[in-house]
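Shown next, in structure tokens, is the structure this report addresses.
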Amino acid sequence: MKKTAVIISLSALAQETRLDIFRYLVQKGPAGASAGQIGEHFGLPLPTLSFHLKTLQQAGLLERQRQSRSLIYSVNFAAMNALLGYLTENCCAGQPQDCAIPRCETDNSMQDTSVNLKRSIP
425 MKKTAVIISL SALAQETRLD IFRYLVQKGP AGASAGQIGE HFGLPLPTLS FHLKTLQQAG
485 LLERQRQSRS LIYSVNFAAM NALLGYLTEN CCAGQPQDCA IPRCETDNSM QDTSVNLKRS
545 IP
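For the sequence shown, my numbering begins at 425 and goes up steadily by one.
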């Protein structure tokens with residue numbers, strides 16, 4: 425994955441609603457969800473939802489397909505894995521067996537990261 429694509433993907437995810445939508449669709453798996461289901465789940469008006477879905481799709485993170493009268497959105501898992509691969513490419517000096525986290529953690533350990541980062545900045 426090229427650095428410019430990584431920046432575009434991270435920029436798309438660097439907004440609370442879009443990050444929530446992306447994570448929701450990750451949970452839905454390859455089947456995805458219709459725009460109506462997503463809008464109902466988050467209580468978003470259609471124009472707002474369309475804006476966020478379009479941004480995620482333009483970043484290459486979502487795929488869209490028409491099923492009858494519905495638009496179904498799903499995560500582009502190849503793009504997601506490429507992004508994760510880029511971010512962790514040189515983890516532990518290229519020795520992945522030395523990394524402390526051998527799998528994805530599902531707890532909310534990242535919730536307080538901003539507080540910890542603020543404290544560690546001189």
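No residue lacks a Cβ here, since even glycine has one placed at the ideal position from N, Cα and C. Being a predicted model, the structure only gives us computed values, none of them experimental.
The Cβ atoms of A503 and G484 lie closer than 7 Å to each other.
The Cβ atoms of E513 and N500 do not sit closer than 7 Å to each other.
In this chain, the alpha helix (DSSP H) harbouring S474 covers 470-482. Look at Q489 here: in three-state DSSP terms it is strand. Taking a 10 Å sphere around the C-beta of G453, we find fewer than 16 other C-beta atoms and assign the residue as exposed. Put simply, the backbone Cα of G467 is about 16 Å away from that of R447.
Excluding its 5 nearest sequence neighbours in each direction, L449 has C-beta neighbours in its own chain below 8 Å: G456, A457, I462, L486, Y497, S498, V499, listed in chain order. For A517, no pairing in a beta bridge is given by DSSP.
Annotation: P469 to L437 spans about 20 Å, alpha carbon to alpha carbon.
Annotated as proximal: L480 and R442, with beta-carbon spacing under 7 Å. Assigned with DSSP and collapsed to three states, A502 falls in helix.
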